[in-house]
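Below is one structure, written out as structure tokens, with a few remarks after it.
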Amino acid sequence: MAIDCNAALERLLEANPGELAGRDDSELAVHVRECGRCQAVAARLLAGQEQLAGALSELRPRTDVGEALSDARARRHKALKWQRVSRWGPVAAAAVVAVVMVLQSLPAARMIESENVPTPARLEPLVEAAAGQNVLVFETSDQSAKVIWFY
Amino acid sequence: MSEPTRIDDNVPALIRGALAGDETAFDDLVRRYYEQIYRWALARTGDRDDAEDVTQETLVRLHRHLPSFDGRSRFSTWLYQVTRSAAADLHRKRTRRDRLALKVEQESAAVLHDPRQDQEDADYSRTSDLVQTFMQKLSDRQREIFDLVDLQGFSTVEVSAMLRMEPVTVRSHLFRARKAIRKKILDNYPELVEGYGH
Numbered sequence: 496m497a498i499d500c501n502a503a504l505e506r507l508l509e510a511n512p513g514e515l516a517g518r519d520d521s522e523l524a525v526h527v528r529e530c531g532r533c534q535a536v537a538a539r540l541l542a543g544q545e546q547l548a549g550a551l552s553e554l555r556p557r558t559d560v561g562e563a564l565s566d567a568r569a570r571r572h573k574a575l576k577w578q579r580v581s582r583w584g585p586v587a588a589a590a591v592v593a594v595v596m597v598l599q600s601l602p603a604a605r606m607i608e609s610e611n612v613p614t615p616a617r618l619e620p621l622v623e624a625a626a627g628q629n630v631l632v633f634e635t636s637d638q639s640a641k642v643i644w645f646y
Numbered sequence: 641m642s643e644p645t646r647i648d649d650n651v652p653a654l655i656r657g658a659l660a661g662d663e664t665a666f667d668d669l670v671r672r673y674y675e676q677i678y679r680w681a682l683a684r685t686g687d688r689d690d691a692e693d694v695t696q697e698t699l700v701r702l703h704r705h706l707p708s709f710d711g712r713s714r715f716s717t718w719l720y721q722v723t724r725s726a727a728a729d730l731h732r733k734r735t736r737r738d739r740l741a742l743k744v745e746q747e748s749a750a751v752l753h754d755p756r757q758d759q760e761d762a763d764y765s766r767t768s769d770l771v772q773t774f775m776q777k778l779s780d781r782q783r784e785i786f787d788l789v790d791l792q793g794f795s796t797v798e799v800s801a802m803l804r805m806e807p808v809t810v811r812s813h814l815f816r817a818r819k820a821i822r823k824k825i826l827d828n829y830p831e832l833v834e835g836y837g838h
């Protein structure tokens, strides 16, 4: 035996499973094959790792795969819905502004003079924030006033 | 130990189907890898609740990112990256360690616990000790690598590809993990190491 048992024990702690089983040609594997005491230690280490592997394989997900798939599908649909909202949101906001302007132009909907709220002068927003930020800025007939639309 | 190569069999057909919008193919793909994803997530997080969340997030990402799978690596290698990324994002959000000490002890014991054999089987408490060492004493990386190589049978070369890590670094983590686990194993059998000089 080229190595003694103390050296073998140190190496057993880091060795590959093949060496623990004495199946290798390494110095350690040869020692394990020839030394009953180290063979017993190596066998125990292998058995311990097998026990650990078995125990971990019992720790299965508590959520059934069918349920997990349904949840994942629901989350995907929700994400898609928000994508659509952020894509069409500015258009919808512009449409709302247009409707408000039309309503204000009707005699019955005119505001009383004292309120004097400036109306947007053009429909295209001056500033359009990045998708998802949901802010539009419009010019009004009054140069000193802008309409900032949070939606 | 599992045989990691077999799980990838027939996967290309399922991927093609899923990409073509076939929900059944996507579901079959998920069913095939569901427990594996959870196991990866568990080894990565060391926490059962976190592993559930990571698994769920991985399913969502799998659907989103599947078109980017180019087939150059094994599907399981690619999927492992998706799982890992989901775990890393979750890790940023949580201070898991705070909850871990209490939870793993209670939960892994609850799962492994079988009252019928509790008193008779000393292996039960030894195994429970080992699971706790695995979950709590190893670093995330050590746990992940030890699980992949020694418990699931991936080669160190495969793992270095999966983790995008140098093989020498993988081995270094593996050796440290083995040492911690095996010392724990031998702690439970002091008679085996009697007579060895330290």
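Chains A and B are the protein sequences, given in the same order.
Here the first sequence is numbered in this note's numbering, starting from 496 and rising by one per residue.
Here the second sequence is numbered in this note's numbering, starting from 641 and rising by one per residue.
C-beta: ideal position from N, C-alpha, C; glycine also.
This one's a predicted model, so the numbers in the text were calculated from it and none came from an experiment.
Assigned exposure category for residue i - 16 Cβ within 10 Å defines buried
i, result
"Gln-782 (chain B)", "buried"
"Gln-578 (chain A)", "exposed"
"Pro-556 (chain A)", "buried"
"His-572 (chain A)", "exposed"
"Phe-786 (chain B)", "buried"
"Ala-542 (chain A)", "exposed"
"Gln-759 (chain B)", "Model confidence at Gln-759 (chain B) stands at a pLDDT of 48, short of 50, so the residue's coordinates are unreliable; what they give is reported in the following sentence. It counts as exposed."
"Ile-643 (chain A)", "exposed"
"Leu-631 (chain A)", "buried"
"Ala-726 (chain B)", "buried"
"Pro-585 (chain A)", "buried"
"Ala-658 (chain B)", "buried"
"Gly-531 (chain A)", "exposed"
"Leu-742 (chain B)", "Any reading at Leu-742 (chain B) must be qualified, since the residue scores a pLDDT of 48, below 50, and its modelled position is unreliable; the value itself is stated next. So Leu-742 (chain B) counts as exposed."
"Ala-593 (chain A)", "exposed"
"Thr-645 (chain B)", "Only weak support exists for where Thr-645 (chain B) lies, its pLDDT of 46 falling under 50; the value from the coordinates is given anyway. Classification of Thr-645 (chain B): exposed, given that the 10 Å Cβ count is below 16."
"Asp-710 (chain B)", "exposed"
"Gln-599 (chain A)", "exposed"
"Gly-517 (chain A)", "buried"
"Val-789 (chain B)", "buried"
"Glu-514 (chain A)", "buried"
"Leu-814 (chain B)", "buried"
"Gln-649 (chain A)", "The shown model of chain A, from 496 to 646, leaves out residue 649 (chain A), and the question about it has no answer."
"Thr-664 (chain B)", "exposed"
"Thr-809 (chain B)", "exposed"
"Asp-729 (chain B)", "exposed"
Residue i: CB within 7 Å of a non-hydrogen atom of the ligand NAD
i, result
"Ile-643 (chain A)", "Judged by which ligands are present, the structure shown has none, so any question about the ligand NAD falls away."
Limits of the unbroken alpha helix (DSSP H) element including residue i
i, result
"Val-597 (chain A)", "560 to 600"
"Thr-773 (chain B)", "Taken as a continuous stretch (DSSP letters only), Thr-773 (chain B) belongs to no alpha helix (DSSP H), as it is neither H nor E."
"Gln-808 (chain B)", "Gln is not the amino acid found at residue 808 (chain B); the sequence shown has Val there. Segment 807 to 827, the alpha helix (DSSP H) holding Val-808 (chain B)."
"Asn-511 (chain A)", "From DSSP, Asn-511 (chain A) is part of no alpha helix (DSSP H); its letter is neither H nor E."
"Phe-794 (chain B)", "Per DSSP, Phe-794 (chain B) belongs to no alpha helix (DSSP H) and is neither H nor E."
"Leu-682 (chain B)", "663 to 685"
"Val-525 (chain A)", "522 to 529"
"Pro-652 (chain B)", "651 to 659"
"Phe-786 (chain B)", "780 to 786"
"Val-700 (chain B)", "688 to 705"
"Asp-729 (chain B)", "715 to 733"
For residue i, the first and last residue of its enclosing beta strand (DSSP E)
i, result
"Val-630 (chain A)", "630 to 634"
"Lys-641 (chain A)", "641 to 645"
Cross-chain neighbours of residue i in chain B, by beta carbon under 9 Å
i, result
"Cys-500 (chain A)", "Gly-835, Tyr-836 and Gly-837"
"Ala-497 (chain A)", "Residues of chain B passing the Cβ test: none, with the nearest at roughly 18 Å."
Chain A residues whose Cβ lies nearer than 8 Å to that of residue i
i, result
"Asp-667 (chain B)", "Leu-564"
"Gly-821 (chain B)", "Reading off the sequence, residue 821 (chain B) comes out as Ile, not Gly. Gly-543, Gln-544 and Leu-547, listed in chain order."
"Arg-688 (chain B)", "Leu-554 and Arg-557"
"His-705 (chain B)", "Those do not exist, as His-705 (chain B) stays about 12 Å from chain A at its closest Cβ, beyond 8 Å."
"Phe-634 (chain B)", "Because chain B is modelled from 641 through 838, residue 634 (chain B) falls outside the range shown and cannot be assessed."
Cross-chain neighbours of residue i in chain A, by beta carbon under 9 Å
i, result
"Thr-767 (chain B)", "Gly-543, Gln-546, Leu-547, Gly-549 and Ala-550"
"Asp-763 (chain B)", "Gln-546"
Under 7 Å by beta carbon: chain B residues contacting residue i
i, result
"Ala-535 (chain A)", "Leu-832"
"Glu-509 (chain A)", "Phe-815, Arg-818 and Lys-819"
Within chain B, partners of residue i - CB distance below 8 Å
i, result
"Leu-575 (chain A)", "Correct list: empty, because the minimum Cβ distance to chain B is about 10 Å."
"Arg-539 (chain A)", "Ile-825, Leu-826, Tyr-829 and Leu-832"
"Leu-504 (chain A)", "Val-833 and Tyr-836"
Contacts that residue i makes with chain A (C-beta to C-beta distance below 7 Å)
i, result
"Val-670 (chain B)", "Val-560 and Leu-564"
"Glu-692 (chain B)", "Pro-556, Arg-557 and Thr-558"
"Val-854 (chain B)", "The question about residue 854 (chain B) has no answer, for chain B in this structure spans 641 to 838."
*Just checking, does the segment 662 to 679 of chain B make contact with the segment 770 to 782 of chain B on the three C-beta pairs under 8 Å criterion?*
no
*Is the segment 710 to 723 of chain B close to the segment 580 to 588 of chain A, with three or more CB pairs under 8 Å?*
no
*Check whether the segment 527 to 538 of chain A touches the segment 550 to 564 of chain A, counting contact only when three or more Cβ pairs, one atom from each stretch, lie closer than 8 Å.*
no
*Is the segment 694 to 705 of chain B in contact with the segment 678 to 686 of chain B, if contact means three or more CB pairs nearer than 8 Å?*
yes
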